[in-house]
Amino acid sequence: MKPLSIEFDLVHELPKRLRFNFRKSFLGPLDSKKLDELFAFTADSRPQVSFNHRTGGLLVEYSGTKKDRERIFEGVKKLDQIPYARSGQPKKDNLQKKKDTLLYKGLLILLRPVLPNFLGALFAPFTLKSYFHEAAIAFSERKFDTRILDFSAILCSFLKKDYRTVSNTSFLLLLGGYLEDLTRHHSHIALSSLLESDNNQVWVLRDGNEVQIDASELKVQDHVVVHAGNFIPVDGKVVSGEASVNQSLMTGEFQAAFKTTGKSVFARTVIEDGQLVIEATAVGCDTKIAKIINIIESSPLYKGELEGRIEQLADKLVPTIFALSALTYFFTGNLNRASSLLLIDYSCALKLATPLALRRAMLDASKQGILIKGGRYLEKLNKFDVVVLDKTGTLTQARPSVCGVYSYHGVSNETVMKIAACLEEHFPHPVATAVTKYAHDLNLLHEEEHTAIKYVMSHGISARIQDEDVLLGSQHFVHDHGEIDISIAQSEINRHGEQGHTLLYLAVAGKLKGLIAIYDPIGPSSKKFIKDLKEIGVKHIVMLTGDGLKTAKAVAQELDIEEYYAEVLPDEKKAIIEKLKKNGSSVVMVGDGMNDSLALASADIGVALHHGADLAKETSHVILLNGELSSLISGRHFAKKALSRISHNNTAILTLNSIFLLLGMMGRLSPSRSSFLHNFSTILVASNSFRPFKMDGLSKV
């Protein structure tokens, strides 16, 4: 295959519809006429093309034929040959424009000794005009911010005919702005680099042969061949081969995971040893790592209380600086002193440093298996004092097994298991899997005899078999709701309840026919997790479960949890969370099931496990990607470190700028020096904000 002239990803494909995303930055709209001509193959198969230069997205609707699809791909590779609208030349992005202007102004300053003096007076009005434009925008937006401060400082020097200071100050302000934008740009690059591949060519199976294609051409259901030392380019399932896969980027696990047929793998993980053939289930922007990066990059949408308070403080300090400048001029009559104060601004550094530190913490946390969906939740991780834990799948291993079967009223154990397996096989939850697996291990064949089957969340299953009503589920569902007498099984109920086992009740035609005991062992790290929560100052730990009271009590005692609630329904879990919040507590809810979703959304921080239901992960605020509860402790450490860094940064910003203000009022700083010191300190603080967080003191997960 010939090398591509432009890099792109096919991010979505439907019949007669293709959506591409380009890795190149398009800095202006393309000439629409030329764009249409590029894809005008024939009059009767002219595709409809929609291009967004801001996002780099291209949508093509076409005839759906294989030939036209190939033509579209050929056209896409030539997209960078289309001229831009208006000028026909690419527009430079703001960062590049600032860099060019900076070099130009810097050259003029270096050449000033050999240039005639009138040139300073000639260029000064143009400089003043650009700052006036920015100040006018600020006034129109009713924002009293740094744009007005900068214009006022430049204006003071201009009125004094101090064109040298106008030039120097303009250069230093531009340098500060460029370096701040560059810092933001590097934060974006740090995130985007997680999605970049060292090799854009991948191997796939075509008719039994390995064929090399561009990664952008990968599609769902492609069989991708990945050799040792290479990144896996897709999310998918292993169809053949064995390999050790380093998944630290996705799960935080430092020890390589052994993968073989049927196991799931993720994009951007790397094969250390072995070879795999992987059936792709997600490619491009649909992979898990791409979604993680999207969440982190959109984190400013979720500003926390701290960031909001800092922004308010920064805005309030702008009028204060104006007032100090006015007072300085009033008492000294020295316009130079007054203008030097206007170039010292708290706002810029305060507003830049905090979001950079939060984003860095979220990025580093994601590498350790903790996906935090916004700055506000990172802040809250630092101060939670109540943790509410779902039992099944959270404190337990989510790998239950049948440990007892009992039958009553004239039926056999085999019949109980056949009916239960017949109903449960339709529902992919751990208890259902345990029942169907046990029936399979006993070679119990069951026919599909049921009709009108219905699953009631957190309760059980109702159906009709051979014209008889059947209930299968919890004690609450069968006994309390279905009004079925269960006294015949009381001894078994008591015994298994005391051992912490979950019980399934089977009722047919109004009578209890069977009891199935399920054992779901407590997770190996659950005891240590509860102990660690208490050591970091969590004052209140609560366990919730849909199981019976005796089961709940047995598990709670084993884990040393004093408060627990049994037989709780989804809305009851939510009510418990809201009650705890009303008491003034900051509440974390940890769960993994659909029935936990309401509680997760209601908590101050909803934490879902990676193996949990999609709805639980969607409504949560934090996802533990490696499924380890200890990651919550690590998340708290990340939050503590991030907020500590923010506090130190803000102290430095306030202290340094206050010193600069004092020196300016004393006449010890010229406007040029004020601008240099302010911008230099801002860049130092911003660089410190985005410095990677070390693992010292963190629980390795």
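For the sequence shown, our numbering assigns the number 1402 to the initial residue and increments by one for each residue that follows.
All C-beta atoms in this analysis are idealised placements derived from N, C-alpha and C, irrespective of residue type, glycine included.
Would you identify the three-state DSSP class for residue i, choosing helix, strand or coil?
{"i": "Ala1423", "result": "As written in the sequence, residue 1423 is Phe, which differs from the Ala given in the question. Note: Phe1423 maps to strand in three-state DSSP."}
{"i": "Leu1970", "result": "coil"}
{"i": "Lys1417", "result": "coil"}
{"i": "Glu1471", "result": "helix"}
{"i": "Phe2094", "result": "coil"}
{"i": "Glu1618", "result": "helix"}
{"i": "Thr1797", "result": "strand"}
{"i": "Ser1488", "result": "At Ser1488, the pLDDT of 42 sits below 50, so the modelled position is not reliable; the number obtained from the coordinates is stated separately. Note: Ser1488 maps to coil in three-state DSSP."}
{"i": "Lys1914", "result": "strand"}
{"i": "Ala2002", "result": "helix"}
{"i": "Leu1356", "result": "For the chain, the structure presents residues 1402 to 2102; residue 1356 sits outside this window and is missing."}
{"i": "Gly1898", "result": "helix"}
{"i": "Ser1641", "result": "strand"}
{"i": "Lys1982", "result": "helix"}
{"i": "Phe1655", "result": "Only weak support exists for where Phe1655 lies, its pLDDT of 49 falling under 50; the coordinates are left without a value."}
{"i": "Leu1480", "result": "helix"}
{"i": "Met1402", "result": "For Met1402, the pLDDT reaches just 31, beneath the cut-off of 50, and the residue's location in the model is therefore unreliable, although a value from the coordinates is still provided. Coil."}
{"i": "Phe1732", "result": "helix"}
{"i": "Lys1951", "result": "helix"}
{"i": "Lys2103", "result": "No statement about residue 2103 is possible, as the shown extent of the chain runs from 1402 to 2102 and does not include it."}
{"i": "Ile1854", "result": "strand"}
{"i": "Ser1926", "result": "coil"}
{"i": "Phe1440", "result": "coil"}
{"i": "Lys1544", "result": "coil"}
{"i": "Leu1744", "result": "coil"}
What are the boundary residues of the alpha helix (DSSP H) that includes residue i?
{"i": "Arg1607", "result": "Note, Arg1607: premise wrong, no alpha helix (DSSP H); beta strand (DSSP E) at Gln1602 to Arg1607."}
{"i": "His1841", "result": "Pro1831 to Asp1842"}
{"i": "Ser2082", "result": "Pro2072 to Ser2090"}
{"i": "Thr2056", "result": "Ser2031 to Met2066"}
{"i": "Asp1765", "result": "Tyr1747 to Lys1768"}
{"i": "Gly1776", "result": "Gly1776 to Leu1782"}
{"i": "Ala2009", "result": "Per DSSP, Ala2009 belongs to no alpha helix (DSSP H); it is in the beta strand (DSSP E), Ile2006 to Leu2010."}
{"i": "Leu2025", "result": "Leu2025 -> not in any alpha helix (DSSP H); beta strand (DSSP E) instead, spanning Val2023 to Leu2025."}
{"i": "Ser1558", "result": "Thr1547 to Leu1560"}
{"i": "Cys1804", "result": "Careful: Cys1804 lies outside any alpha helix (DSSP H), inside the beta strand (DSSP E) at Ser1802 to Ser1808."}
{"i": "Cys1823", "result": "Asn1814 to Glu1825"}
Below 8 Å between beta carbons: does that hold for residue i and residue j?
{"i": "Leu1960", "j": "Val1991", "result": "no"}
{"i": "Met1818", "j": "Leu1845", "result": "yes"}
{"i": "Ala1910", "j": "Asp1870", "result": "yes"}
{"i": "Val1640", "j": "His1628", "result": "no"}
{"i": "Ala1554", "j": "Ser2082", "result": "no"}
{"i": "Val1605", "j": "Val1626", "result": "yes"}
{"i": "Ala1908", "j": "Leu1872", "result": "yes"}
{"i": "Ala1890", "j": "Gly1805", "result": "no"}
{"i": "Thr1795", "j": "Leu2010", "result": "yes"}
{"i": "Gly1924", "j": "Thr1721", "result": "no"}
{"i": "Val1803", "j": "Ala1833", "result": "no"}
{"i": "Asp1997", "j": "Lys1974", "result": "yes"}
{"i": "Ile2024", "j": "Leu1772", "result": "yes"}
{"i": "Gln1613", "j": "Ala1644", "result": "no"}
According to DSSP, what are the bridge partners of residue i?
{"i": "Leu1790", "result": "Met1944 and Val1991"}
{"i": "Val1871", "result": "Ala1864 and Val1909"}
{"i": "Asn1647", "result": "Val1671"}
{"i": "Ile1919", "result": "Val1803 and Thr1903"}
{"i": "Tyr1965", "result": "Met1944"}
{"i": "Gln1449", "result": "Glu1462"}
Can you determine whether any heavy atom of the ligand MN sits closer than 7 Å to the C-beta of residue i, and answer yes or no?
{"i": "His1941", "result": "Ligands in the displayed structure: none, and consequently the ligand MN is not present."}
By the DSSP assignment, the beta strand (DSSP E) with residue i in it spans what residues?
{"i": "Asn1610", "result": "Asn1610 to Asp1615"}
{"i": "Thr1682", "result": "Val1671 to Ala1683"}
{"i": "Lys1664", "result": "Here Lys1664 belongs to no beta strand (DSSP E), and DSSP marks it neither H nor E."}
{"i": "Leu1459", "result": "Gly1458 to Glu1462"}
{"i": "His1624", "result": "His1624 to His1628"}
{"i": "Leu1772", "result": "Ile1771 to Ile1773"}
Could you say if the region 2003–2014 and the region 2056–2063 meet the contact criterion of at least three C-beta pairs nearer than 8 Å? Flag = no, the region 2003–2014 and the region 2056–2063 do not touch.
Can we say the region 1994–2005 touches the region 1746–1760, given the rule of at least three CB pairs closer than 8 Å? Judged by pairs of C-beta atoms under 8 Å, the region 1994–2005 does not touch the region 1746–1760, as fewer than three such pairs exist.
Does the structure place the region 1769–1780 close enough to the region 2038–2055 that three or more beta carbon pairs sit under 8 Å? Yes, the region 2038–2055 is in contact with the region 1769–1780.
Would you say the region 1961–1974 touches the region 1937–1951, given that touching needs at least three Cβ pairs under 8 Å? Because the criterion of three Cβ pairs below 8 Å is met, the region 1961–1974 and the region 1937–1951 touch.
Would you call the region 1873–1887 and the region 1926–1937 in contact, with 3 or more CB pairs under 8 Å? The region 1873–1887 and the region 1926–1937 do not touch, with fewer than 3 CB-CB distances between them shorter than 8 Å.
Three or more C-beta pairs closer than 8 Å, one from the region 1708–1718 and one from the region 1678–1689: is that the case here? No, the region 1708–1718 does not touch the region 1678–1689.
Spell out a yes or no on whether the region 1734–1751 and the region 1544–1564 are touching, meaning 3 or more CB-CB pairs, one atom from each, closer than 8 Å. Taking a contact to require three or more Cβ pairs closer than 8 Å, the region 1734–1751 and the region 1544–1564 qualify as touching.
With three or more C-beta pairs closer than 8 Å as the rule, is the region 1610–1625 touching the region 1664–1672? Touching, no.
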